[in-house]
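Report on one structure; see the data block that follows.
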Amino acid sequence: MLVETWRVYQPDCPVVEASEKLQSTRLEAISSRVSGKYIQGHLAVETRVLRELINVLRNSPRILKAEILMKGVGTSIISLAMHRTNLMNSLSGNPKLLWFSPIFAKGGYEYWIVVSLGSTRMIREALKANNHEIKVVNSRVLPGAYPRIASIIQACTNLTDVSRRASTPANDVINDILSGSTLGNVARKHGYSKSYLSRKRREALSTCKEALDALSLIFKFFDEPG
286 MLVETWRVYQ PDCPVVEASE KLQSTRLEAI SSRVSGKYIQ GHLAVETRVL
336 RELINVLRNS PRILKAEILM KGVGTSIISL AMHRTNLMNS LSGNPKLLWF
386 SPIFAKGGYE YWIVVSLGST RMIREALKAN NHEIKVVNSR VLPGAYPRIA
436 SIIQACTNLT DVSRRASTPA NDVINDILSG STLGNVARKH GYSKSYLSRK
486 RREALSTCKE ALDALSLIFK FFDEPG
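For the sequence shown, the residue numbers in our numbering are 286 to 511.
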């Protein structure tokens with residue numbers, strides 16, 4: 286499995302265009318997904334440039350919607366709807382790509398993580414022929430076992446985030462263990478032995494460590510260039 290970090294210039298992306306005009310501002314991509322003929326997503330940005338960014342985005346003919354979703358003291362979140370870009374179309378239509386996502390835009394470039402089952406050279410060459418600039422900032426081949434990353438993260442999430450699903454006694458136990466309660470308190474609350482709870486805690490922490498190790502390996506060589 287190949288994990289690459291791309292630095293991309295997209296001539297048809299209004300977020301990239303906005304980052305050119307706000308040179309010192311980093312536009313964090315919280316989410317980006319294809320929805321029919323459009324792309325919907327969210328950006329996090331410093332509140333001090335929020336109004337300027339909104340105006341720049343709304344002036345782009347490729348933007349359908351740019352709204353302030355949350356205005357904070359230091360950071361705010363913008364909700365976007367825009368026309369699909371050539372890059373998103375190329376990545377979405379390729380069956381060899383396991384996962385891809387923009388990370389941030391700054392200074393006229395967007396940075397992406399792309400996870401593939403093989404070489405991405407043909408994809409990149411096709412985009413370059415269509416006036417895109419793409420540089421592979423780093424590339425990492427992961428062992429064959431790492432397609433399990435998704436299931437590892439899912440398992441970790443199931444252990445620690447009970448708010449996303451119906452509560453069950455077993456999940457309540459894990460949540461109490463990971464929340465910092467003593468084994469004695471959890472044992473009295475749920476009626477389990479401390480030895481049983483100690484084993485469950487080791488299993489939970491092992492799962493979390495495995496997920497963090499996997500993610501660390503992916504992002505080990507990824508940092509904001511320049």
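Cβ coordinates follow ideal geometry from the N, Cα and C atoms, glycine included.
Please read all numbers here as calculations on a predicted model, not as lab measurements.
Count the other C-beta atoms from every protein chain shown that fall within 10 angstroms of the C-beta of residue i, then say buried if there are 16 or more, exposed otherwise.
i	result
K391	buried
Q295	buried
W384	exposed
L414	The question names Leu, but residue 414 is Ala in the sequence shown. Classification for A414: exposed.
K485	buried
I315	exposed
L482	buried
E289	buried
T467	exposed
V399	buried
S317	buried
P380	exposed
S401	buried
Less than 6 Å between C-beta atoms, sequence neighbours within five positions excluded: which residues of the same chain meet that for residue i?
i	result
H368	R347
I339	A351
P387	A314, S317, E395 and W397
L354	I362 and S364
G469	none
Helix, strand or coil for residue i, going by three-state DSSP, please let me know.
i	result
P387	strand
H475	helix
V330	strand
M367	strand
S377	helix
V319	strand
M355	strand
A314	strand
R343	helix
S401	strand
T453	Confidence at T453 is low in this model, with a pLDDT of 44, below 50, so the placement of that residue is unreliable and no value is reported for it.
S424	strand
Excluding the 5 residues preceding and the 5 following residue i in the sequence, name in chain order all residues of the same chain whose CB lies nearer than 7 Å to its CB.
i	result
S375	I408, A411 and L412
T332	K356, G357, V358, G359, T360 and S361
M373	V319 and I324
F226	The question about residue 226 has no answer here: the residues shown for the chain are numbered 286 through 511.
G393	Y294, V301, S304 and E305
S377	V319
S424	L287 and E289
S345	P299 and E302
I419	W291, V293, R409, L412 and K413
D297	R347, T370 and N371
Report all residues from its chain with a CB closer than 8 Å to the CB of residue i; omit the five preceding and five following residues, and keep chain order.
i	result
E337	L307
K322	H368 and R369
S478	A472
What whole-angstrom Cβ distance do residue i and residue j have, given they're in contact under 8 Å?
i	j	result
H327	S364	6 Å
K350	A366	4 Å
G476	L287	So it is not a contact: roughly 49 Å between Cβ atoms.
L342	P299	6 Å
>> What ranges does the beta strand (DSSP E) occupy inside the segment 287-314, keeping only unbroken runs of at least 3 residues that lie completely in it?
In response: You should have 287-294.
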